[in-house]
Amino acid sequence: MNPTSPADIVCEFGPFPGNAKVHGVTYDGEVVWWASDNKLNALDPASGEIVRFLEVPAHSGTAYDGKHLYQISEGRIQKINPETGDILTTIPAPTADDNTGLAWGEGSLWIGQRDGRKIHQLDPQTGAILRTIPSNRVVTGVTWVDGDLWHGTWEDDSELRRIDPHSGEVLESLAMPPGIGVSGLESDGKDRFFCGGGSAGKLRVVRRPKRRTHAGGGA
Amino acid sequence: MDSLITAAASALAAGDPLRALNCVALREDAPALALRGIAMAQLGDLTQARHLLKRAARAFGPKQAVAHARCVLAQAEIAFVSRDLGWPVKALAAAQAALEQNGDAINAIHACHLQARRSLLLGQLDEAERVLRAVEPALLPPIRRAAHEMILAGIAMQRLRTAPARAALVRAQAAADLSRIPALKAEVATAAERLDAPVARHIAGGKERLIALADVEDLLASGTLVVDACRRVVRRGKVVVPLASRPVLFALARALAEAWPNDVCRTDLLRAAFQAKRVDESHRARLRVEMGRLRQLLRPLADVLATSRGFVLQPRQASAVNVLAWPVEEEYGAVLAFLADGEAWSSSALALALGISQRTVQRSLDTLAAEGKVQWFGRARARRWTTATVPGFTTIMLLPTLLSDG
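As given, the protein sequences belong to chains A and B, one line each in that order. Note that my numbering has the first sequence beginning at 1, numbered continuously upward. Note that my numbering has the second sequence beginning at 1001, numbered continuously upward.
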């Protein structure tokens, strides 16, 4: 089953003067971090303002493990101390230039490949690929919430999709309005998704639908 | 090619536009038009140069692909000197391809350099670097090599990385010496001087001194808490709290930082933040609110503690608090602060960010432009503003090799 419903965009931030693009997006429980080439910006979702930023290379996906930020930049994944901006370690990304979304979940890093149309589960210490989930569409942002794996896709049209983390089967999708794409994706752990808008320079909040009950549920 | 054209081309290549003009001044054929255009550009008459080169490009036509491409390069360079960065870059890429196909490697590299300079002016440092990576500087003739190193120096200076900037300028100097072109040597020397010139005022423990780019780099890397009035941010290392759009909070932070490690009394804070001559209860209430906001924003970097007479800054993970300001305090500091991030801004974005009217922003920009502190490119709504800190084009860089081998 693959129920599609329109994405409910609750609000929209940006474009932010001086920041052209929104790449990766993550959330540390207080601020939304998003990547814009040479900065990781911290946005207060209550006021919509950038309250601080870190001067680190930030060209692609972003994730948060509860303590550290992870940021893809040109074939590497940097582990960053959000209090100092220091890069603590660096692990190689699966490819030099086809890495998009990044998420933390189940003790692993999950990285989306745009043109490769797949999501890899990575060992966060070494960058080794533990497992690969195929997708039939371009993968942009990736996020885990309540044990569900969601990713953004952005071709002619754009969607948020919940997929089976084993088979890659699409279980549910939220269609973005025409002309609005999703680059980075992150959930706040509750009822909101934060979606990067790529070169539109916007950050959008999309309502997360109530979990649908599966046939034979609870498995 | 006839002897006068050859003579004019070699004069141009040697940086002597007047001698070149003597050879071809009255001629209207395509090569002569091109040489006249370049000579006029080197002499600084860009309007006339643009006109001549357009005619030359048309006269050569697409059949004489190399000559046509070289004219396009000259037009691009003049456009970028005039900060007309909206000039069609596709034409430049096409010219580069034509030059590569026809074995004019040096001018193809010149096209690369033009693209890199454009990116540098736009604040797209990664892109400028990417373009330059395709060029092997050791193999270049002196003039191109000097140009290459100057762009590298410009990128490093924008990144506040003095050591690589200095190294690039030393290499540029060596290449300029080899070229024996006085104007090129002078240009490199000017850029080198700017590296050591005072760029900011450093205020610490009540004492002030002027400091150069290298000192700014050291200060920002030192882990000191810096209230940076040039960019209107509070920062420690890589962690930055932007306050450019919050002038009251920035004024409070700066007053606290200038007094550190001492506290500042409420009356002085009110004066700094609201220019209040006489203080009443409503001001005190407002100060409490603003201090609450400042405390919230500065939390990752410092505590703002209340004392018996006012407030004091207590940095986290930092041993000291310093202030960085413009060498001369600017009336239009807020506008400059936004532009100091190296991005190209529209006046409407600046107005939005500053929370003031576009008319006011425009007035500030016009004044700053007249003083040579900011520069613009593009027309009408597409117009963008940047600080004038990027080493610019000078006319000596204009096409010294355009026709010298053909």
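All C-beta atoms, glycine included, are put in the ideal place defined by N, C-alpha and C. Values in this document were obtained by computation on a predicted structure and should not be read as measured data.
If residue i and residue j are in contact, beta carbons under 8 Å, what's the gap, nearest whole angstrom?
i: L1073(B); j: N1107(B); result: 6 Å
i: G101(A); j: V142(A); result: 4 Å
i: G61(A); j: I111(A); result: 7 Å
i: V1241(B); j: R52(A); result: 5 Å
i: V1323(B); j: R1254(B); result: 6 Å
i: E1149(B); j: A1168(B); result: 5 Å
i: S1179(B); j: I1151(B); result: Actually they are not in contact, since the Cβ atoms of S1179(B) and I1151(B) sit about 16 Å apart, beyond 8 Å.
i: G116(A); j: D98(A); result: 5 Å
In or out: residue i buried (at least 16 other Cβ within 10 Å) or exposed?
i: A1009(B); result: buried
i: Q1275(B); result: exposed
i: S167(A); result: exposed
i: C1112(B); result: buried
i: E155(A); result: exposed
i: K1238(B); result: buried
i: E1281(B); result: exposed
i: G974(B); result: Limits of chain B in this structure are 1001 at one end and 1406 at the other, which puts residue 974(B) out of reach.
i: S1364(B); result: buried
i: T1162(B); result: buried
i: G1123(B); result: buried
i: C11(A); result: exposed
i: N41(A); result: buried
i: S199(A); result: exposed
i: L1403(B); result: Unreliable placement is indicated for L1403(B), whose pLDDT of 47 sits below 50; the coordinate value is still reported in the next sentence. That one is buried.
i: R1284(B); result: exposed
i: P1017(B); result: buried
i: N136(A); result: exposed
i: E1077(B); result: buried
i: Q1296(B); result: exposed
i: P1400(B); result: Caution applies to P1400(B), whose pLDDT of 43 falls short of 50 and renders its modelled position unreliable; the value that the coordinates give is listed next. It counts as buried.
i: P178(A); result: exposed
i: E1136(B); result: exposed
i: R114(A); result: buried
i: L190(A); result: Note that residue 190(A) corresponds to Lys in the displayed sequence, not to Leu. K190(A) is exposed by the Cβ-count criterion.
i: V1328(B); result: exposed
i: S183(A); result: buried
i: V170(A); result: buried
i: A215(A); result: With a pLDDT of 44 at A215(A), under the threshold of 50, the modelled position of this residue cannot be trusted; read the value that follows with caution. By the neighbour-count rule (16 or more Cβ atoms within 10 Å), A215(A) is not buried but exposed.
i: E1187(B); result: buried
i: R1288(B); result: exposed
i: Q125(A); result: exposed
Can you name the residues of chain A whose CB is closer than 7 Å to the CB of residue i?
i: Q1352(B); result: What sits at residue 1352(B) in the sequence shown is Leu, not Gln. Here the neighbours are P17.
i: P1300(B); result: R52, E83
Which residues of chain B have a Cβ atom closer than 8 Å to the Cβ of residue i, listed in chain order?
i: I50(A); result: P1242
i: D37(A); result: D1126
Mind listing the chain B neighbours of residue i? Cutoff is C-beta to C-beta under 7 Å, in chain order.
i: G85(A); result: G1237, K1238, V1239
i: V56(A); result: K1238
Cβ closer than 9 Å: which chain A residues qualify as neighbours of residue i?
i: D1029(B); result: Going along chain A, no residue has its Cβ under 9 Å from D1029(B), so there is no contact; the nearest lies around 45 Å.
key: Ranges of the alpha helix (DSSP H) found wholly within the region 61 to 98 of chain A, counting only runs of at least 4   = none
key: Within the region 1206 to 1232 of chain B, ranges of the beta strand (DSSP E) (whole runs, at least 3 residues)   = 1207 to 1212, 1225 to 1228
query = Which runs of the beta strand (DSSP E), 3 residues or longer, sit entirely within the region 1292 to 1359 of chain B?
reply = 1302 to 1306, 1310 to 1315, 1321 to 1325
query = Any residues in the region 68 to 84 of chain A with a beta carbon nearer than 7 Å to a beta carbon of chain B? Which ones, in chain order?
reply = E83, T84
request  = Pick out the complete alpha helix (DSSP H) segments inside the region 1142 to 1184 of chain B, 4 residues or longer, and give them in chain order.
outcome  = 1142 to 1158, 1162 to 1179
query = the region 1276 to 1300 of chain B: which residues have C-beta closer than 7 Å to a C-beta of chain A, in chain order?
reply = L1297, P1300
inquiry  = Using a Cβ-Cβ cutoff of 9 Å, what residues of the region 1070 to 1103 of chain B are near chain C? List them in chain order.
reply    = This model lacks chain C altogether, as its protein chains are A and B.
ask   = Counting only runs that start and end within the region 1023 to 1111 of chain B, where is the alpha helix (DSSP H) found for 4 or more residues in a row?
value = 1030 to 1042, 1046 to 1060, 1065 to 1081, 1089 to 1101
request  = Any chance you could list the alpha helix (DSSP H) runs of at least 4 consecutive residues sitting entirely within the region 1254 to 1282 of chain B, in chain order?
outcome  = 1266 to 1274
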